[in-house]
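S.K.: If you read the sequence shown in this note's numbering, its first letter stands for residue 123, the second for the next number, and so on. Even glycine gets a Cβ: it sits at the ideal position worked out from N, Cα and C. Submitted below is the structure of interest, expressed as structure tokens.
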Amino acid sequence: MLINHPEKCREENVNLLIVVKSVIEQRDRREAVRKTWGKEQVINGLKIKTLFLIGSPSIGKDAKNLQKLIQFEDRIYGDILQ
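See the structure below:
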């Protein structure tokens, strides 16, 4: 994996892990999920975590830029698996 977060489930008891399939270009959709139903929170004592599963960018002129963008987004949120 290029980006991994094994600590997401290791740090404390996680009762529900939501894994959302996404593509690099859909940052706005990931942001919407983070702010709504995919928000990491504790409800009635149950811990909920969210991760986004994203593939690698296609080889081309924008591949390096797209990869840098997804790495930057991951540094901010820490919720991307690639």
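Can LEU203 and VAL141 be called in contact, C-beta distance under 9 Å?
M.R.: Yes, the pair counts as a contact, with Cβ atoms nearer than the cut-off.
S.K.: Identify whether LEU191 lies in helix, strand or coil by the three-state DSSP scheme.
M.R.: It is helical.
S.K.: Consult DSSP for VAL155 and reduce its assignment to one of helix, strand or coil.
M.R.: VAL155: helix per DSSP, three-state reduction.
S.K.: What do you reckon, are the CB atoms on VAL136 and ILE165 nearer than 9 Å?
M.R.: No.
S.K.: On the DSSP letters alone, give me the boundaries of the beta strand (DSSP E) that VAL136 sits inside.
M.R.: Premise fails: VAL136 is in no beta strand (DSSP E) and is neither H nor E.
S.K.: With C-beta atoms as the reference, is LYS143 less than 9 Å away from LEU175?
M.R.: Taking 9 Å as the Cβ cut-off, LYS143 and LEU175 qualify as a contacting pair.
S.K.: When you compare only the Cα positions, how much space is there between ALA185 and ILE146?
M.R.: Their Cα atoms are separated by approximately 10 Å.
S.K.: Please list, in chain order, all residues of the same chain as GLY200 whose beta carbon is under 7 Å from its beta carbon, the five residues on each side excluded.
M.R.: Within the same chain, GLY200 has close Cβ partners HIS127.
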